[in-house]
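Asks:
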Amino acid sequence: MSAKPTEDPLVNKALPNGILPPNFELPYPDKPELITANLLKLFDLTPDPRIKFVMKNLTIQFLTTVGQTCTPIRQEFILLSDVLGVSALVDAINNPPVKGATESSVLGPFFTEDAPDIEQGGSIASEGKGQYMYVEGTVRSTDGTPIPDAVIETWEADESGSYDTQYKDRDHPDCRGRLRTDKDGRFGYRAVTPVAYPIPGDGPVGELLITIGRHNLRPNHLHFMVEKSGFRKLVTSLYPDGDPFLSTDAVFGVKKNLVVKLEEVNDDAEARKRGFPKGGSFKLLKYDVVLVPLDEAKAALEEFSKQRAKNAAA
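Mapping the sequence shown onto full-length UniProt numbering, position 84 (from 1) lands on 84, and the numbers just tick up by one.
(1) If you draw a straight line from the C-alpha of Glu264 to the C-alpha of Ala191, how long is it?
(2) Alpha carbons only, please: which of Ser105, Phe24, Gly203 is nearest the one belonging to Thr65?
(3) Can you name the start and end residues of the alpha helix (DSSP H) that Arg308 belongs to?
(4) Tell whether a beta-carbon distance below 9 Å holds between Gly108 and His223.
(5) For Thr36 and Ser123, I'd like the C-alpha separation in whole angstroms.
(6) Hey, how far is the Cα of Leu285 from the Cα of Thr112?
(7) Pull up the distance between the alpha-carbon of Ile19 and that of Gly213, whole angstroms please.
(8) Is Glu103 closer than 9 Å to Asn257 when the C-beta atoms are compared?
(9) Below 8 Å on the Cβ atoms is my contact criterion, and I expect Gly177 with Thr154 to pass it. Report the Cβ-Cβ distance as a whole number of Å.
(10) Can you grab the Cα-Cα spacing for the pair Phe245 / Pro9, in whole Å?
(11) Pick out whichever of Ile152, Gly161, Val205 has its Cα sitting closest to the Cα of Gly185.
(12) Find the nearest neighbour of Val235 within the set Pro32, Lys56, Asn94, judged by alpha-carbon distance.
(13) Is Arg218 near Pro240, with beta carbons less than 9 Å apart?
(14) Should Val86 and Leu291 be called a contact, given that it needs their Cβ atoms to be closer than 9 Å?
(15) To test your reading of the DSSP string, which unbroken alpha helix (DSSP H) runs of 4 or more residues are found completely within the segment 1 to 69?
(16) Determine the contact status of His172 and Asp182, defining contact as a CB-CB distance below 9 Å.
(17) Is Thr248 buried or exposed, if buried means 16 or more other CB atoms sit within 10 Å of its CB?
(18) Quick check on Asn38: buried or exposed, where buried means 16 or more other Cβ atoms within 10 Å of its Cβ?
(19) Spatial neighbours of Thr69 within its chain, please: CB distance less than 7 Å, with the 5 preceding and 5 following residues excluded, ordered by chain position.
(20) With 16 as the cutoff for other CB atoms within 10 Å, does Phe253 come out buried or exposed?
(21) Residues bridged to Ile199 by DSSP?
(22) Kindly indicate which three-state DSSP category Leu285 falls into: helix, strand or coil?
(23) What is the DSSP secondary structure of Phe77, counted as helix, strand or coil?
(24) Is it the case that the Cβ atoms of Glu302 and His221 are separated by a distance below 9 Å?
(25) Find the nearest neighbour of Leu45 within the set Pro32, Asp30, Ile60, Glu25, judged by alpha-carbon distance.
(26) In the structure shown, what three-state DSSP assignment does Gly177 receive?
(27) Any contact of the segment 115 to 135 with the segment 266 to 275, i.e. 3+ C-beta pairs under 8 Å?
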């Protein structure tokens, strides 16, 4: 795990809760029914039988506490929805996979509306926020046609595993940005290499995870939101491989085809050419985003709904 605890008084730091990954792996939640099945398997880790029962019947008092923890930049209810698998389940039902298209993933509680606009090749992270990484690719339709002027919003945690909203002295957005694809559908920007990090554990959701014996770690990832008129809006994340928390992500966000490989580029001249001030080496993430036209998305949703109804009647 790359995220490191910090004693910086200016950081609302989330810390690992000390619980290790379970001694079993869960199937990636590529199908809606697997999300709930995985959650139920994780509930079996709860050491206290009474608590295990109570967890299936959340109390009004607990939900009230969750609501009281929410602030304009801290969404504890979203976090609760995430760790219970509800966010992933709703996302999977509303966005059934289309062959060849990039799959969706959970939005997470750290999205904000104030991401700055950056140019092609610009940086979403201020200097010193982590190991250099360059992200590049093309946004295409399912038929392979490049999509120009698509809006890409992207955000991530820094090398300590903290989002900018977790810093008490936050006065501007960092490690987040918004850019548009060029006339050929291409995009490229500078970021920092993602690290695994704990979701906030100082509220009722954090206490919940400890009570039921679940770790609060998310594997390393980079968030994407891609929009273009005429296409289904895509909210997703990319997950570099090799992370020990991939199959037991605390919020059930990882899907197999969202796991990617990072290339190591040890070329000082190339690093400087791409705009990294200190040069040296950097990670390279290459990924083509494939959006679904609205008519295809509608057809996929109708077919998925029919299949669910058929399965329910069986």
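By construction, the Cβ of each residue, glycine as well, lies at the ideal position given by its N, Cα and C atoms.
A quick note: this is a predicted structure, and the numbers were derived from the prediction, not measured.
Replies: With the given structure in hand:
(1) Near 14 Å, if we compare the C-alpha coordinates of Ala191 and Glu264.
(2) Gly203
(3) 294 to 313
(4) yes
(5) 38 Å
(6) 23 Å
(7) 7 Å
(8) yes
(9) 6 Å
(10) Taking the straight line joining both Cα atoms gives about 28 Å.
(11) Comparing Cα-Cα distances from Gly185 to each of Ile152, Gly161, Val205, the minimum goes to Ile152.
(12) If we check each option's Cα against that of Val235, Asn94 comes out closest.
(13) no
(14) No, the pair does not count as a contact, with Cβ atoms beyond the cut-off.
(15) 32 to 43, 49 to 55, 60 to 69
(16) no
(17) buried
(18) buried
(19) Glu76, Gly203, Pro204
(20) Phe is not the amino acid found at residue 253; the sequence shown has Gly there. Buried, because 16 or more other Cβ atoms sit within 10 Å of the Cβ of Gly253.
(21) None; Ile199 has no bridge partner.
(22) The three-state secondary structure of Leu285, taken from DSSP, is strand.
(23) helix
(24) no
(25) Glu25
(26) strand
(27) yes
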